[in-house]
Each structure stands twice: as C-alpha cells, then as structure tokens.
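Each residue of the sequence shown is one higher than the last, beginning at 1 in the UniProt record's numbering.
Right, one structure below, let's go through it.
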Amino acid sequence: MKKILASFSCIVFLSVSFSCKNVLEEKPLDFYSPENSFVSYDDYQRGLTDLYAKVRTICYAATEYKPYLTATDIAQDGRYQLTARFGGHTNYLVPTNSDVLLHWRSWYKIVSNANTIISRVSNSSLTDDEKVLVTAEAKFFRAFAYRFLVYLWGGVPLVTEEITAPRTDFVRASKTEILEQIVADATEAANNLPPINQVTDGKVSNLVAQQLLAETYIALERYDEAITAASVVIDDPSTDLMQNRFGSMAAQNPQDKLLNFTQPGDVYWDLFRVGNQNRSSGNREALWVIQYESDIPGGVLSSAGGYGHGHTLERVAGPASWLTLKDPDGEEGVIGVPMSDYNTGGAGVSLMMNTDFFLYDLWESDWNNDIRNAPHNIVRDLVYTNPASAWYGKSAVENPGSTLIEQPWRWYPHPSKVTTPGQHPDGVYEDKSLGTIKNTAGALYRDRYMMRLAETYLLRAEAYLGKGDQQHAADDINEVRLRSKATPVEPGDVTVDYILDERARELVYEEPRRITLHRTGKLVERVRKYNAVNKDEIQDYHQLWPIPYAEIEANKDAVLEQNPGY
Numbered sequence: 001m002k003k004i005l006a007s008f009s010c011i012v013f014l015s016v017s018f019s020c021k022n023v024l025e026e027k028p029l030d031f032y033s034p035e036n037s038f039v040s041y042d043d044y045q046r047g048l049t050d051l052y053a054k055v056r057t058i059c060y061a062a063t064e065y066k067p068y069l070t071a072t073d074i075a076q077d078g079r080y081q082l083t084a085r086f087g088g089h090t091n092y093l094v095p096t097n098s099d100v101l102l103h104w105r106s107w108y109k110i111v112s113n114a115n116t117i118i119s120r121v122s123n124s125s126l127t128d129d130e131k132v133l134v135t136a137e138a139k140f141f142r143a144f145a146y147r148f149l150v151y152l153w154g155g156v157p158l159v160t161e162e163i164t165a166p167r168t169d170f171v172r173a174s175k176t177e178i179l180e181q182i183v184a185d186a187t188e189a190a191n192n193l194p195p196i197n198q199v200t201d202g203k204v205s206n207l208v209a210q211q212l213l214a215e216t217y218i219a220l221e222r223y224d225e226a227i228t229a230a231s232v233v234i235d236d237p238s239t240d241l242m243q244n245r246f247g248s249m250a251a252q253n254p255q256d257k258l259l260n261f262t263q264p265g266d267v268y269w270d271l272f273r274v275g276n277q278n279r280s281s282g283n284r285e286a287l288w289v290i291q292y293e294s295d296i297p298g299g300v301l302s303s304a305g306g307y308g309h310g311h312t313l314e315r316v317a318g319p320a321s322w323l324t325l326k327d328p329d330g331e332e333g334v335i336g337v338p339m340s341d342y343n344t345g346g347a348g349v350s351l352m353m354n355t356d357f358f359l360y361d362l363w364e365s366d367w368n369n370d371i372r373n374a375p376h377n378i379v380r381d382l383v384y385t386n387p388a389s390a391w392y393g394k395s396a397v398e399n400p401g402s403t404l405i406e407q408p409w410r411w412y413p414h415p416s417k418v419t420t421p422g423q424h425p426d427g428v429y430e431d432k433s434l435g436t437i438k439n440t441a442g443a444l445y446r447d448r449y450m451m452r453l454a455e456t457y458l459l460r461a462e463a464y465l466g467k468g469d470q471q472h473a474a475d476d477i478n479e480v481r482l483r484s485k486a487t488p489v490e491p492g493d494v495t496v497d498y499i500l501d502e503r504a505r506e507l508v509y510e511e512p513r514r515i516t517l518h519r520t521g522k523l524v525e526r527v528r529k530y531n532a533v534n535k536d537e538i539q540d541y542h543q544l545w546p547i548p549y550a551e552i553e554a555n556k557d558a559v560l561e562q563n564p565g566y
C-alpha cells in the first residue's frame, strides 16, 4: 500500500421529493455523497484507505499514549501527576471527559464508514471478486474497531448496517454478542483477504485477520479455536521470528558519542531501526505495519521537524534532560538542545515514563543475558553533554546535580525504540555533525508494528494455558525468550501474569497495553500491584470506561445504560 493516506469524507445526501407528477432526482455533482463516492473499484479503495488512516490516527497520534499506555502496569505519567494528561483514572475516566468521547466516536466512525462500504458494494458494478475483497477488508476494520470498543466499554451498541437517517434509540448488546460479531467479521476477512506474501506494505492480509480471531477466541474461552487460528499464522511459510541481524544497520553496532556501549547490536535492536519494519525490507516477523512517511501528503511526518501531534512517541516517552540539567557544581551540565542519540533520547518532554516494575523487576532473573534489556535497547545511563562542565562525559545518574535530585522526572531509563538514534531525517538536524536536532522535533520517524509474530506466539501460549496445557504454553513463550537469549520458562511457572510479563518485555510501547489488561481482566489488579503513582487512585469500576455522557443524552428514544460506578 502506498504510504499516502489521503483524507476521504462523505456527506450524507438528502433527496427531496416534490408533490408533483414528475419527481426530480437530484444527483450531486460538486460534493461527495455515498451515491457518488462509491462507484468504481478505485472509489472503494479510497474508502478503505480512509479506514487505515483513521486507525493510524486513533492509535498513534497525540492521543495514543494517554489512554492506551499511561496509568497501566508498564507506564505512568512522566511527571508523577494524576490531574494532567491521562495521569489518573479517577480524574479522567468520567462520563464528560473529552478523551473518552473522542475514542468512542472515533471507533464508531470506523464502524460507520465500514458499514457504508459493505452496504454499497453489494449493489455496485464491481466484479464478484472485487466485491468479496472489498467486503472482507471492510469487515476486518469493523471487527478491529469493535475490538477496542468491547474491551474498553464492555457491551456496546452493535451496528452492522449503514445508517442513512438520524437514530436516537441505541441500546447496548452484550459483551458476548460483540465478541461473536468480531469472530464473524474476522472469519470472513480471514477467508477472503489475500495471503500475506501478496499484499503491499501496510495492508492487512488473511493472517492479520487470523491473529484477531485468535485473540477474540481467547476472550470467548474457545481455546482450541484460538490455537488453530494462531497456528495458521505461525505455520505460514511466509512468517518466521527474525533470528539473525537484518536490515538497514545489520552490519553496524549501536554507537553513542558519550555512552560507552560495549555490547554488539542484536536482532531485537534491528527490529526497530528505521526502514526495517516492513516485509519488503526482509522482515518476516511483521504482520501488520502502520505506515508513516516524511514530506508526502498523508504521510504525517515532516523532515523539517515539528511533531505536529501526528506520531509523538519520542516527544511523549523521551526524557526532558536536554532542556536543563545542573551538574554537581551547580553549573549547566547539558548543551540545551536535543540530540539524535541514545544519551539524550531525542526531543522528549517527559510526559510518560515506565514504571519501576517494567524497568527493574521484569529483568531481574535475566538482567545481563536478555538482549531486550541490553544498554542500547533500554537506556539506563545519562552523561553530561556540556564540554564547559567539569563533569562533561561523566554519568549524571551516578553524579546527580540539583536538577535530577529536585526534578527526577527530567530523566529516566527508557526503551530506545521510542526514538531513532542517529536516524532522524536530515531536515530535523540543527547540526548533523554534532548530532543536534531541532527542539521542535519529537515525532517518531519510523513505521509502527500493529501486529508481529512474537505476539502470535504469546497469544497461542495464552490459549494453551486456558485449556490447561502448560507445557505447550511454555514452548511458545520460550520461542520468544530463546530469540532474546533469556532463560526458558518452566511449564509450572506459566500463568496469565507471566504471559503478561513477557508481553511487556517483548511488546512495550507496541501493544495498546490497556486493551490487553482490559481483555484479560487484569487492569486494576496489576496497576495496584505495579504502578506506584496510580495504585491508590484506581477503583474496581475502572475495569470498564464510562459511556460518554453526550452519547447517553443524545440517545433520547432508548436507554443507553451507563457502566457501574459512574
């Protein structure tokens, strides 16, 4: 799929009948409507492209870090605040919160647009093969949208037909009914989408639908079917876990002018280098990759800098130590501009940091051998960068000045995957020879995994565990752990919590962690256990989000029941 995701909008056309002998049939010529937007196969492809764009926006734009990552077991507010951003559940999970409304309406917009495509294509002039393909892709996106809706809110209104007139009578279907609809849609998608080796980068394939099926079957406790669906993905001849160095920096090792890296590069590091995410780059682990491009309409990113709220993981998760950092003598210890390196971590502003549970507890048993914890994959040191400081080149972690003592949020260990050290676009640099970048940077300049094969193994392990087969569950987990040179887990130690731990190690800042915790029913328990900032404020009823008040009020002809506790 081309990395050009153009905006595509439809305005509902209202036909007017006149009380005369001849009825005038109006045909819109100068604006879009469903009638003139969906005619040719290319028209339907544009409609589908809009679904990709909407998923990209709601999952990865400026709103992504707040509901899906922060205040979970792996991440907390970067400045220890409960009343800013999505710092605390009690403050933000209220029926009138704008983020809650945004996500509700955004996912239902995808449902609505998918329904329009499905409804229109059946009576179109497309060939039968084209109709099948378009329908399968649209139904995948409808299923994917309901995935987020059902895990965040539980039972929600189930809409599977195009809505052509205002409705104010929605009622909630049960959680099981929503999950069954996801199964129905994902099954049709799995049966009719092209194989993964026949789709272009960024497009969904039959295997992507199978992965969604596997996850949904687990939620329905249909474990044998989940195992079957996951096995289709794992056993496909076009997929493998990447075991060896590959891609754009395969012959290079991580380098930083100030941090003294001694370990060589590794395959996990390669997974997150610029240009390595897509299957066209030789990545056989990638299943579905969200596309970004610089300086192309619809590509979101600009090589001139400016995060533009389009793809802001670097800005959000990167530390703000580059702004100011006093050395132990009270002098400025940094040069005051962000850098494209591991030491500085790009142009971060400390809005989200990992919990101590993720940074320390998860790695205790394999601290030195698990490559995912290597110093270039999780940066754990900060060196003073100002040559005028007597502490230049020395560790600020070991020799903190007043800034780190009084404002510890200025710097924290972080996964290097939140930025692109040494790989920012040329236009982002202030001085490439020095590695300095503009303070208006902050975007993540690479594509993003929505699904990759490592997660498939962990899903199948979860399904095996669900049916009581700890041995096969351990076998699948160990496929992931052995790739990372971690100690194999013993079958008797496999629990749902262990699988969630392994997902955190492997998929940090990739998976929408809150969705996983909602799906497994573990959100409240694990936040209380592992998140020092949020452990006391989260309540039992936060296992589900509130139905937005605006939606309840607008639904005047039926009762849209609120979730308990709100």
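C-beta: ideal position from N, C-alpha, C; glycine also.
All values reported here derive from a predicted model rather than from experimental measurement.
Leaving aside the five residues before and after residue i along the sequence, list all residues of the same chain whose C-beta is less than 7 Å from its C-beta, in chain order.
i, result
"Glu430", "Val337, Thr436, Ile437 and Lys438"
"Asn399", "Pro328 and Trp391"
"Leu258", "Asn343, Val383, Thr385 and Gly393"
"Ala136", "Glu188, Ala189, Asn192 and Leu193"
"Gln210", "Ala190, Ala229, Val232 and Val233"
Which residue from the options puts its Cα closest to that of residue i?
i, options, result
"Gln423", "Asp201, Lys175, Asp356 and Asp447", "Asp447"
"Asp99", "Asn563, Tyr549, Asp73 and Asn244", "Tyr549"
"residue 585", "Tyr392, Trp363 and Ala388", "Because residue 585 is not part of the residues shown, which for the chain are 1 to 566, the question remains open."
"Trp367", "Arg505, His103 and Asp129", "Arg505"
"Ala186", "Leu207, Thr168, Lys203 and Arg167", "Leu207"
"Thr90", "Pro546, Ile552 and Lys556", "Pro546"
"Ala486", "Ala61, Ile371 and Ala173", "Ile371"
"Ala317", "Ser40, Tyr41, Thr70 and Asp128", "Thr70"
"Asp256", "Pro421, Tyr68 and Thr57", "Pro421"
"Leu359", "Asn377, Gly345, Tyr498 and Gly346", "Asn377"
"Pro408", "Gly78, Ile74 and Tyr498", "Gly78"
"Glu215", "Asn369, Leu517, Phe86 and Tyr498", "Leu517"
Could you spell out where the alpha helix (DSSP H) holding residue i opens and where it closes?
i, result
"Glu314", "Leu313 to Ala317"
"Trp269", "Val267 to Asp270"
"Glu332", "Glu332 -> no alpha helix (DSSP H), and no H or E assigned at all."
"Ala304", "Taken as a continuous stretch (DSSP letters only), Ala304 belongs to no alpha helix (DSSP H), as it is neither H nor E."
"Trp104", "Ser98 to Val121"
"Tyr41", "Tyr41 to Tyr60"
"Glu180", "Lys175 to Asn192"
"Glu525", "Leu523 to Tyr530"
"Arg147", "Asp128 to Trp153"
"Thr90", "His89 to Tyr92"
What residue does the beta strand (DSSP E) around residue i start on, and which one ends it?
i, result
"Ile405", "Unbroken run through Ile405 is the alpha helix (DSSP H), Ser402 to Glu406; no beta strand (DSSP E)."
"Arg452", "Arg448 to Arg452"
"Asp77", "Ala75 to Asp77"
"residue 586", "Since the first residue of the chain shown is 1 and the last is 566, residue 586 is not available in this structure."
Is DSSP giving residue i helix, strand or coil here?
i, result
"Gly346", "strand"
"Asn22", "Only weak support is given to the placement of Asn22: the predicted model assigns it a pLDDT of 49, under 50, and the value that follows is read from those uncertain coordinates. It is coil, neither helix nor strand."
"Ser9", "Low confidence applies here, because Ser9 scores a pLDDT of 37, under 50, leaving its location unreliable; read the following figure in that light. DSSP places Ser9 in coil when its eight states are reduced to three."
"Pro415", "strand"
"Asn354", "strand"
"Val383", "strand"
"Lys556", "coil"
"Lys326", "strand"
"Tyr549", "helix"
"Ser294", "strand"
"Glu215", "helix"
"Asp240", "coil"
"Ser248", "coil"
"residue 580", "The chain is shown from 1 up to 566; residue 580 falls before or after that span and cannot be answered."
"Ser395", "strand"
"Ile371", "helix"
"Ile234", "helix"
"Ile378", "strand"
With a CB to CB cut of under 8 Å and the five nearest residues on each side skipped, what residues in its chain are close to residue i?
i, result
"Gly492", "Gln470"
"Lys21", "Confidence at Lys21 is low in this model, with a pLDDT of 41, below 50, so its placement is unreliable and the value that follows should be read with caution. Within the same chain, Lys21 has no close Cβ partners at all."
"Val480", "Leu241, Ala454, Tyr457, Leu458, Glu502 and Glu506"
Quick one: what's got a C-beta closer than 6 Å to residue i's C-beta in the same chain, skipping five residues either side?
i, result
"Ala474", "Val489, Pro491 and Val494"
"Leu444", "His311, Leu313 and Glu314"
"Leu241", "Glu285, Leu453 and Arg483"
"Ser238", "Ile196 and Asn197"
"Phe148", "Trp107"
"Tyr80", "Val533"
"Met249", "Arg273"
"Ser41", "For the record, residue 41 in the displayed sequence is Tyr; it is not Ser. Within the same chain, Tyr41 has close Cβ partners Leu126 and Glu130."
task = List in chain order: all unbroken beta strand (DSSP E) runs of 3+ residues lying wholly within the stretch 434-521.
result = Entirely contained in the stretch 434-521, the beta strand (DSSP E) runs reaching 3 residues are, in chain order, 448-452.
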